[in-house]
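Below: the structure, in C-alpha cells.
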Amino acid sequence: MQYRWNWNILFVEPYFGWLLAGVKWTLLVAGAAWIIALAIGCTIGVMRTLPSRMARAIGTAYVDLFRNVPLLLQLFLWYFVLPELLPASLGHWVKRDLAMPEYWFSVVGLGCFTAARIAEQVRAGIESVGHGQRMTAAASGLTTAQAYRYILLPLAARNVLPPFTSEALNIIKNSSLALTIGVLELTGQSRQIEANTFQGIEALTAATVLYAMLTLCVITGMRVVERQATIPGTLARG
Amino acid sequence: MRYLDWSVISHAWPFLWQGLQTSFLLLALAMAGGILLGTLIAVVRLSASRPLAAVAACYVNALRSIPLIMVIFWFYLLVPLFIGRPVGTFTSALIAFTLFESAYYSEIMRAGIQGISQGQMGAALATGMSRMQAYRYVVLPQALRRMTPVLLTQSVALFQDSSLVYVIGLHDFMTSVGIVANREARLIELYLFAAFVYFVICFSASRVVKRLQDRMTVA
Chain L
1 MQYRWNWNIL
11 FVEPYFGWLL
21 AGVKWTLLVA
31 GAAWIIALAI
41 GCTIGVMRTL
51 PSRMARAIGT
61 AYVDLFRNVP
71 LLLQLFLWYF
81 VLPELLPASL
91 GHWVKRDLAM
101 PEYWFSVVGL
111 GCFTAARIAE
121 QVRAGIESVG
131 HGQRMTAAAS
141 GLTTAQAYRY
151 ILLPLAARNV
161 LPPFTSEALN
171 IIKNSSLALT
181 IGVLELTGQS
191 RQIEANTFQG
201 IEALTAATVL
211 YAMLTLCVIT
221 GMRVVERQAT
231 IPGTLARG
Chain W
1001 MRYLDWSVIS
1011 HAWPFLWQGL
1021 QTSFLLLALA
1031 MAGGILLGTL
1041 IAVVRLSASR
1051 PLAAVAACYV
1061 NALRSIPLIM
1071 VIFWFYLLVP
1081 LFIGRPVGTF
1091 TSALIAFTLF
1101 ESAYYSEIMR
1111 AGIQGISQGQ
1121 MGAALATGMS
1131 RMQAYRYVVL
1141 PQALRRMTPV
1151 LLTQSVALFQ
1161 DSSLVYVIGL
1171 HDFMTSVGIV
1181 ANREARLIEL
1191 YLFAAFVYFV
1201 ICFSASRVVK
1211 RLQDRMTVA
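Going down the list, the protein sequences come from chains L and W. Counting with my numbering, you get residues 1 to 238 for the letters of the first sequence. Counting with my numbering, you get residues 1001 to 1219 for the letters of the second sequence.
Okay, structure coming up:
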C-alpha cells in the first residue's frame, strides 16, 4: 500500500490547534481526576488500616468493586447508566443543563477508578511504617487519630511518593479513554486529524511524542517533590 | 425511572457468549505471546551486551509511556501498511496486546530473574552449561515459578484492558454488549450485566491468585 508522507500537516491550522487543545483536555481530565483520586484514595486507604472492622470492610469493598470492572465499562456506567438511575429531576438536570457532561463524567469515572489504586498504595505505605510505630504511639498515650496525624501519616506519605508517580502517569494514560464518551483529548484529537487528512501516522506520532513529553514532565516534577520530602538521615537520597 | 427488562440479555446471550469467547481467546494468545516475548526481553535487558540491553530498555520504556489505546490505534493503522493488505481487527489487536503487555511482563520477569541468587547462575555455569542453557534449565524455571502470581495478576489486568478493542470495533465481549445495548435501546440492563460479568470473572480470578500467593509464601 502506498503512503504519502506529509509532516507539515501537524503545523498548519487548524490541526496544530487541535493538538494543543488535545493536550489541554488531557491535562484537564487527568488533573481534575487526580484530585478526586487523591481525596477518595487516601480516605479509603486509611480506612483499610483502621482498627474498626466496619471501616475496613467498606474500604475493601470499594477497592474490590472499582478494581474488577474495566475502566471503559466504568465510564459507560457513569455516562450512560447513572443519569437514568438518578431521581427524575436530577437526571433531567444532568442530561439537559449540565455543561459538557462527557467531561465531568470522565473526570469522576477516572477519579473513582484511580482512587482504588491509590488506596492500595496508601494502605501499603501505612502498613510498611510498621506495627512498632503504631504500638509506640499507643503506648505513649496518643489516640488513634493522633497516632495517624503525628506518626503514621507523615511517615507513610514519604513511602507512597514513588508509587504515586506511577499512578500519576497512569492517570494521564488512562485519560485517553475519555474519548470513548466524546471528550476530544489528545488521542481523540489525533484520530480526528487522521479522519480529516488521512495522515494517520503523522497524527499518531504527534500524539505519542506529546504523551512522552507529558510523562517526562510528571517524572521530573515528582522527583523534585520526593527530594523536598526526604527525611534527613535516612537512606533515601534525592 | 423506566422499568428494567432483563429478558433482553437471554435473547442476546448467544451473541454475547461469542464475544466473551473472543475476549478469552485474545487473552490466552496475548498472554502466551506476551510472557514469552517479555521473558526474552528481560533476559536481553540483563545480558552483558550494553547496546542490546539499552535497546530492550528503550522498548519497554517507550511502550510503558504511551496509552494502550494509542498502541491499539497504531497497530490498527500500521499492520495493514506493513503487510500490504488489510488484516482483521483481531490480528492487529492481538499484535498490539502481545507487544504492549510484553513490556509489562518483561518488568515482572526481570524482577523474578534478579531475585534468583547469583550462586545459581554460577553453579550452572560451573557444571559446563552455556549461558543459554543456564537460563533455560536453571534460572528461568525458578523465576517463572516465583513470579506466577504476579504474572497472573497482570493477566487479570490484561483481561480488563482487552475491553479497549471496542475502539477498533473488534467483536469482543465489551463491543458485543455495546452493540446489543444500542440496538435494543437497553443500555442500563446491558452495561450493568457486563459489569457483573467482568466483576465475577476478575474478582474470582484475583481471589485464586491470592490463594496461590499465600500458599507459596508458606511453602
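In this text, a Cβ means the ideal position worked out from N, Cα and C, and glycines have one as well. This one's a predicted model, so the numbers in the text were calculated from it and none came from an experiment.
Compare the C-beta of I1041 (chain W) against all C-beta atoms of chain L and say whether one is closer than 8 Å.
-> no
Does A1195 (chain W) come within less than 8 Å of chain L when only Cβ atoms are used?
-> yes
Which of helix, strand or coil DSSP assigns to L86 (chain L) | coil
Please state whether DSSP places T992 (chain W) in a helix, a strand or coil.
-> Because chain W spans 1001 through 1219 in this model, residue 992 (chain W) falls outside it and cannot be assessed.
Is it a yes or a no for the stretch 210-225 of chain L touching the stretch 1132-1149 of chain W, going by three-plus beta-carbon pairs under 8 Å?
-> no
Hey, C42 (chain L) and I118 (chain L) are a contact pair by Cβ (cut 8 Å); roughly how many whole angstroms apart?
-> 7 Å
Can you grab the Cα-Cα spacing for the pair F1015 (chain W) / C1202 (chain W), in whole Å?
-> 21 Å
Is I118 (chain L) close to chain W, meaning its C-beta is less than 8 Å from at least one C-beta of that chain?
-> no
Closest residue to Q982 (chain W) among W:V1071, W:F1159, W:I1179 and W:L1046 (Cα-Cα distance) | Given a span of 1001 to 1219 for chain W in the structure shown, any question on residue 982 (chain W) remains unanswerable.
How would you label P1067 (chain W), buried or exposed, when you count the other beta carbons within 10 angstroms and need 16 or more for buried?
-> buried
With a cut-off of 8 Å on the beta carbons, I'd call V160 (chain L) and V122 (chain L) a contact; round off their distance for me.
-> 6 Å
Rank L:I36, L:A33, L:A21 and L:L50 by C-alpha distance to the C-alpha of Q146 (chain L) and give the top, closest one.
-> L:L50
For Q199 (chain L), which three-state DSSP category applies?
-> coil
Count the other C-beta atoms from every protein chain shown that fall within 10 angstroms of the C-beta of V11 (chain L), then say buried if there are 16 or more, exposed otherwise.
-> Checking the sequence, you will find Phe at residue 11 (chain L) rather than Val. Under this definition F11 (chain L) is an exposed residue.
What number of angstroms, rounded off, separates the C-alpha of F1199 (chain W) from the C-alpha of D1161 (chain W)?
-> 13 Å
How would you call W7 (chain L), buried or exposed, if buried means at least 16 neighbouring beta carbons within 10 angstroms?
-> exposed
With DSSP run on the structure shown, which of helix, strand or coil describes I231 (chain L)?
-> coil
Would you say G200 (chain L) reaches chain W, if we count a Cβ-Cβ gap shorter than 8 Å as a contact?
-> yes
Measure the beta-carbon distance from Y1191 (chain W) to L73 (chain L) and round it to whole angstroms, keeping in mind my assumption that it falls under 8 Å.
-> 7 Å
Kindly list, in the order they appear in chain W, the residues whose Cβ is closer than 7 Å to that of L73 (chain L).
-> S1163, M1174, Y1191, A1194, A1195 and Y1198
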